[in-house]
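The working numbering numbers the first residue of the sequence shown as 430 and each following residue consecutively. Glycine is no exception: its CB is placed at the ideal position from the N, C-alpha and C atoms.
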Amino acid sequence: AVSLDSLFLDEGFGALDAEALDLAVQGLETLAEGSRMIGVISHVEELSERLPDRIRVEKGSHGSTVVTA
C-alpha cells in the first residue's frame, strides 16, 4: 500500500459539473482527515468557497500579492 502525506492538484476541477464537483470536494475532505496536507490550485469559485484555508495570489500593477484567508 502507498501512504500519501500530501497531495497537490493543479486545475483539476474546471470541467466538472456541480454534482461531480461536490463528489470531488467530499473526496478531498476525506483525504484531508488526519494529518494529510491537500493543496489545490483552481480558478473554480465554488471550490474556493468550500475549502476552509486559502492562499490567494492577486496580480497587481507592480507584481503579485499573496493573501491568506
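Counting C-beta neighbours from all protein chains within 10 Å, is the total for residue i 16 or more, i.e. buried, or is it exposed?
i, result
"V469", "buried"
"L476", "buried"
Is DSSP giving residue i helix, strand or coil here?
i, result
"D451", "helix"
"G499", "Here the chain has residues from 430 to 498 only, and residue 499 is not among them."
"R479", "helix"
"E440", "coil"
"E462", "coil"
Alpha carbon to alpha carbon, how far is residue i from residue j?
i, j, result
"A498", "R483", "5 Å"
"V473", "S490", "24 Å"
"P481", "G441", "18 Å"
Report task. Say whether the region 430-445 touches the region 458-468, bearing in mind that this needs 3 or more beta-carbon pairs closer than 8 Å, one atom from each stretch. Result -> Because the criterion of three Cβ pairs below 8 Å is met, the region 430-445 and the region 458-468 touch.
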